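*Asks:* Just passing along the structure, written as structure tokens.
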Amino acid sequence: MKDHLSRIVDKYPANIFKNRKEHIVLVDHDSENPQTITANTRTIPGIITSRGCCYAGCKGVVIGPIKDAITITHGPIGCGYYSWATRRNKARLEEGETDNYLNYCFSTDLQEGDIVFGGEKKLKRAIKEVVEIFHPQNIMICSTCPVGLIGDDINAVAAWAEQEFHIKVLAFSCEGYKGVTQSAGHHIANNGLIKNVVGTGNTVTGKYSVNLLGEYNIGGDSWEIERVLTRIGYEVVSVMTGNGSIAKIKNAHLANLNLVQCYRSINYIAEMIQTKYGTDWLKVNFIGVQSCIESLRDMARYFDDPVLIARTEEVIAEELDEIMPVINHYQPLCVGKTAALFVGGSRALHYQYLFQDLGMETVLAGFEFAHRDDYEGSEVIPFIKEDADSKNIETLHLEPDEKHYRLVLSREKYETLKKQIPLNYFGGMIKVMKNNSVVIDDINHYEIDEFLKLLKPDIFCAGIKEKYQIHKSGVFSKQLHSYDYTGPYAGFKGAAAFARDIALGLTAPVWNMIRPPWKTEPMLEGSLIKE
Ligand code: CFN
Ligand code: HCA
Numbered sequence: 000m001k002d003h004l005s006r007i008v009d010k011y012p013a014n015i016f017k018n019r020k021e022h023i024v025l026v027d028h029d030s031e032n033p034q035t036i037t038a039n040t041r042t043i044p045g046i047i048t049s050r051g052c053c054y055a056g057c058k059g060v061v062i063g064p065i066k067d068a069i070t071i072t073h074g075p076i077g078c079g080y081y082s083w084a085t086r087r088n089k090a091r092l093e094e095g096e097t098d099n100y101l102n103y104c105f106s107t108d109l110q111e112g113d114i115v116f117g118g119e120k121k122l123k124r125a126i127k128e129v130v131e132i133f134h135p136q137n138i139m140i141c142s143t144c145p146v147g148l149i150g151d152d153i154n155a156v157a158a159w160a161e162q163e164f165h166i167k168v169l170a171f172s173c174e175g176y177k178g179v180t181q182s183a184g185h186h187i188a189n190n191g192l193i194k195n196v197v198g199t200g201n202t203v204t205g206k207y208s209v210n211l212l213g214e215y216n217i218g219g220d221s222w223e224i225e226r227v228l229t230r231i232g233y234e235v236v237s238v239m240t241g242n243g244s245i246a247k248i249k250n251a252h253l254a255n256l257n258l259v260q261c262y263r264s265i266n267y268i269a270e271m272i273q274t275k276y277g278t279d280w281l282k283v284n285f286i287g288v289q290s291c292i293e294s295l296r297d298m299a300r301y302f303d304d305p306v307l308i309a310r311t312e313e314v315i316a317e318e319l320d321e322i323m324p325v326i327n328h329y330q331p332l333c334v335g336k337t338a339a340l341f342v343g344g345s346r347a348l349h350y351q352y353l354f355q356d357l358g359m360e361t362v363l364a365g366f367e368f369a370h371r372d373d374y375e376g377s378e379v380i381p382f383i384k385e386d387a388d389s390k391n392i393e394t395l396h397l398e399p400d401e402k403h404y405r406l407v408l409s410r411e412k413y414e415t416l417k418k419q420i421p422l423n424y425f426g427g428m429i430k431v432m433k434n435n436s437v438v439i440d441d442i443n444h445y446e447i448d449e450f451l452k453l454l455k456p457d458i459f460c461a462g463i464k465e466k467y468q469i470h471k472s473g474v475f476s477k478q479l480h481s482y483d484y485t486g487p488y489a490g491f492k493g494a495a496a497f498a499r500d501i502a503l504g505l506t507a508p509v510w511n512m513i514r515p516p517w518k519t520e521p522m523l524e525g526s527l528i529k530e
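At position 447 of the sequence shown (counting the first as 1) the number is 446 in numbering that gives the first Met the number 0, and the numbers step up by one without a gap.
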């Protein structure tokens, strides 16, 4: 690690220094050995981390956006209340749909007596109450920490409720303490959906049918992506799980291709559908103009139909005609500026492409809960399809944990990509970033302050926990989780909205009016313990 970076971790006590330095990489593409990073390990107790819990990953992220199910948080009230509507995963009723419970928050509100004597009775009462009031077709139960500690059997309660009320009731044991981050919750949610929902429907699907996986309709993102896909002629069978429904997810196995937007949160489902039903999946990125174009072209190539390929180009051209004047208007205000991005498990990579479209370079990027493959990428081993006439090459993407997925690329594209480093815009953040930029896993409050001083980025994109810390030091912060109050930022129109919001934020006069105290006043430093 270079000197200036070392100064940040040097201040830590020895054991913390040893831990944290493994989570920070200064990108060096000339390094003799491939660069590695430690990730998906437990945060040091006491460090002010930005991470969330297993319940957040299961209920908040993957299960929560499903609109035609009532999700009951089984636990004390705080977990349900604080995960209520903060993520901005939008939903509305489409034609023929009747159930959308997303504006509600349901919880068993466990009290001391329930913790001592057991909460199952209260959970049964809660289910009975929601059935009587709302008559839902589907209920999902998500447990929080104390439920696991006292051992309530939520699976037994779910089985009882299915018998009693003749509806679908799913139980997710996603107690917050499980695993080391939200990531454990994604996995639990993926397993539950595959086991109980996908494969239970039988709606007939067309030739160009796709599922959009790992897209949660934050600020309306999936509506914008679906708009473009539908224009081209694709049928979107299900979205997991933005504006999603059990009614649609149960047909997911009948789509002909799975598109994976957020690999980190949904790779398990993509893999399991491939294993069980043989559906291929393709990594896409609908964040950024160029990324959108490439993703749409990859899709058309996968289906390998000249009509679809031509229609794709037609739609791309029309969309560009509409958005490029807006982007060209705002781009001069952004060009040459630098960005730092710290977001959950995929956006700190995906948004680099959108910043690139605006002429901005990312000087630091990191994830809260990504795994090593999200940072390091992996070998791409090509093998030629047996069909001699095929214009395509299939590539097998191997991950450190031996899982794999398949990408279909044209021969020409494969040859070009092989020569360029940014092969994996879908995985391998270290490879994508420029020399001397910083890649950091599980950043903490102290390190944010230090990197702001060291790198002086023009914008530091993160979440609600970091935003005001960053503003107080005079730097613009745009939330890349909730998009603050705006969006969508995905797709073509989303890119134009992003260009506008970033340009306006960067040029707001307020940043020159803020002087953090450490720039004007001597800081008192001391110790409470006498040495
Ligand atoms: S919408 Fe997604 S894109 S699902 Fe994931 S890894 Fe979170 S909730 Mo916040 S914004 Fe974030 Fe990603 Fe996938 Fe969102 S970067 S942290 S768990 N995330
Ligand atoms: C979560 C959800 C979150 C939090 C966002 C934030 C989201 O991790 O539990 O910290 O601003 O996107 O809503 O990631």
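Heads up, the beta-carbon is just placed ideally off N, CA and C, and yes, glycines get one too. Just so it is clear, the structure is predicted and the values come from calculations on it, not from any experiment.
1. So is the beta-carbon of H608 under 7 Å away from any non-hydrogen atom of the ligand CFN?
2. Below 7 Å CB to CB, which residues in the same chain sit around V438 once its five sequence neighbours on both sides are set aside?
3. Report the rounded CA-to-CA distance for A157 versus R91, giving the unit in angstroms.
4. What residue range is occupied by the uninterrupted alpha helix (DSSP H) comprising N18?
5. Helix or strand or just coil, what does DSSP make of G493?
6. Identify whether N309 lies in helix, strand or coil by the three-state DSSP scheme.
7. By DSSP, does F341 sit in helix, in strand, or in coil?
8. By a C-beta neighbour count over all protein chains shown, 10 Å radius and 16 as the cutoff for buried, is M512 buried or exposed?
9. Would you check whether the ligand CFN has a heavy atom nearer than 7 Å to the C-beta of H480?
10. At 3 residues or longer, and completely inside the stretch 140-171: list those beta strand (DSSP E) runs for me, N to C.
11. At 4 residues or longer, what runs of the alpha helix (DSSP H) sit wholly inside the stretch 207-238?
12. Taking 7 Å as the cut-off, does the CB of I463 come closer than this to any heavy atom belonging to the ligand HCA?
13. Using three-state DSSP, classify I420 as helix, strand or coil.
14. Can you tell me where the alpha helix (DSSP H) holding F459 begins and where it ends?
15. To the nearest angstrom, how far is the alpha carbon of A347 from that of R263?
16. Residues in its own chain within less than 7 Å of I43 by CB, not counting five upstream and five downstream?
17. On the DSSP bridge list, what partners appear for T361?
18. Along the beta strand (DSSP E) that carries K471, what are the first and last residues, could you check?
19. Confirm, please, whether the CB-CB distance from I187 to V168 is below 8 Å.
20. From G493, K452, P487 and Y482, pick the residue whose C-alpha is nearest to that of G473; which is it?
21. Would you list the one or two residues that DSSP bridges to A68?
22. Which of helix, strand or coil does DSSP assign to N32?
23. I need the straight-line Cα distance from F341 to I149, nearest angstrom please.
24. DSSP beta-bridge partners for H73?
25. Can at least three beta-carbon pairs, one atom from the stretch 352-359 and one from the stretch 491-506, be found at a separation below 8 Å?
26. Could you pull the start and end residues of the beta strand (DSSP E) that I23 belongs to?
27. Would the beta-carbon of Q181 fall within 8 Å of that of G56?
28. Counting beta carbon pairs with one atom in the stretch 200-217 and one in the stretch 238-250, are three or more of them shorter than 8 Å?
29. Can you find the residues in the same chain that come closer than 6 Å, C-beta to C-beta, to T72, ignoring five residues on each side of it along the sequence?
30. Pairs of beta-carbons, one from the stretch 460-478 and one from the stretch 210-218, closer than 8 Å: are there three or more?
31. Got a sec? Which residues, its chain only, sit under 8 Å from V60 by beta carbon, not counting five neighbours each side?
32. Identify every residue that forms a DSSP beta bridge with T240.
33. Could you give the C-beta distance for A339 and M359, rounded to a whole number, given that I count them as a contact under 8 Å?
34. For the stretch 463-471 and the stretch 288-306, state whether three or more C-beta atom pairs, one from each stretch, are separated by less than 8 Å.
35. Using only alpha-carbon positions, find the residue among D67, G486, T229 and I308 that is nearest to I166.
36. For A544, collect the residues of the same chain with a Cβ closer than 6 Å to its Cβ; drop the 5 residues on either side in sequence, then sort them by chain order.
*Replies:* Judging by the given coordinates:
1. Outside the displayed range of the chain (0 to 530) lies residue 608, so it cannot be described from this structure.
2. Counting from one through the sequence shown, the residue named residue 438 turns up at place 439. Once the five neighbours on either side are set aside, the close Cβ partners of V438 are V24, V26, I36, A364, G365, Y374, M428, I429 and M432.
3. Against the sequence shown, residue 157 aligns to sequence position 158. Against the sequence shown, residue 91 aligns to sequence position 92. Answer to the nearest angstrom: the Cα atoms are 27 Å apart.
4. Numbered from 1 along the sequence shown, position 19 holds the residue referred to as residue 18. Unbroken alpha helix (DSSP H) run through N18: A13 to K20.
5. Walking along the sequence shown from the start, residue 493 turns up at place 494. If DSSP states are grouped into helix, strand and coil, G493 belongs with the helices.
6. Reading the sequence shown from its first residue, position 310 is the one you call residue 309. The identity of residue 309 in the sequence shown is Ala, whereas the question assumes Asn. Helix at A309.
7. Here residue 341 is taken as the residue at index 342 of the sequence shown, counted from 1. Strand at F341.
8. Locating residue 512 in the sequence shown gives position 513, counting from the first residue. It is exposed - the Cβ of M512 has fewer than 16 other Cβ atoms within 10 Å.
9. For this step, residue 480 is matched to residue 481 along the sequence shown. Yes - the ligand CFN has a heavy atom lying nearer than 7 Å to the Cβ of H480.
10. Qualifying beta strand (DSSP E) stretches, in chain order: 167-171.
11. 220-231
12. What you label residue 463 is simply residue 464 of the sequence shown in a count that begins at 1. Yes - the ligand HCA has a heavy atom lying nearer than 7 Å to the Cβ of I463.
13. In the sequence shown, residue 420 corresponds to position 421, counting from 1. Unreliable placement is indicated for I420, whose pLDDT of 29 sits below 50; the coordinate value is still reported in the next sentence. The answer is coil: DSSP assigns I420 none of H, G, I, E or B.
14. Here residue 459 is taken as the residue at index 460 of the sequence shown, counted from 1. F459 -> not in any alpha helix (DSSP H); beta strand (DSSP E) instead, spanning I458 to C460.
15. For this step, residue 347 is matched to residue 348 along the sequence shown. For this step, residue 263 is matched to residue 264 along the sequence shown. Taking the straight line from one Cα to the other gives about 12 Å.
16. Within the sequence shown, numbered from 1, the residue matching residue 43 stands at position 44. Once the five neighbours on either side are set aside, the close Cβ partners of I43 are I15 and N18.
17. The sequence position of residue 361 within the sequence shown is 362, counting from 1. Partner(s): A338.
18. Position 472 of the sequence shown, counted from the first residue, corresponds to residue 471. Note, K471: premise wrong, no beta strand (DSSP E); alpha helix (DSSP H) at I463 to K471.
19. Sequence index remark: in the sequence shown, residue 168 carries index 169 (1-based). Sequence index remark: in the sequence shown, residue 187 carries index 188 (1-based). Not a contact, by the Cβ cut-off of 8 Å.
20. For this step, residue 473 is matched to residue 474 along the sequence shown. For G473, the nearest C-alpha among the options comes from K452.
21. By one-based count along the sequence shown, residue 68 stands at place 69. The partner list for A68 (beta bridge, DSSP) reads N137.
22. Reading the sequence shown from its first residue, position 33 is the one you call residue 32. Coil at N32, not helix or strand.
23. Here residue 341 refers to the residue found at position 342 when the sequence shown is read from its first residue. Here residue 149 refers to the residue found at position 150 when the sequence shown is read from its first residue. About 36 Å.
24. Along the sequence shown, read from residue 1 onward, the residue named residue 73 stands at position 74. Partner(s): S142.
25. yes
26. As a first step, residue 23 must be located in the sequence shown, where it is residue number 24. Unbroken beta strand (DSSP E) run through I23: I23 to L25.
27. Position 182 of the sequence shown, counted from the start, is the residue given in the question as residue 181. Position 57 of the sequence shown, counted from the start, is the residue given in the question as residue 56. Yes.
28. yes
29. In the sequence shown, counting from the first residue as 1, residue 72 sits at position 73. Listed in chain order, the non-local C-beta contacts of T72 below 6 Å within the same chain comprise C78, G79, S106 and C141, local neighbours out to five positions each way being set aside.
30. Not touching, per the Cβ criterion.
31. Position 61 of the sequence shown, counted from the start, is the residue given in the question as residue 60. Excluding positions up to five away in sequence, the list reads R86, Q181, G184, H185, A188, Y215 and S264.
32. Walking along the sequence shown from the start, residue 240 turns up at place 241. For T240, which the question treats as bridged, DSSP gives the partners E214.
33. One-based indexing of the sequence shown puts residue 339 at position 340. One-based indexing of the sequence shown puts residue 359 at position 360. With 8 Å as the limit, A339 and M359 do not qualify as a contact, their Cβ atoms being about 11 Å apart.
34. no
35. As a first step, residue 166 must be located in the sequence shown, where it is residue number 167. Comparing Cα-Cα distances from I166 to each of D67, G486, T229 and I308, the minimum goes to D67.
36. What the structure shows of the chain is the stretch from 0 to 530, and residue 544 is not part of that stretch, so it cannot be assessed.
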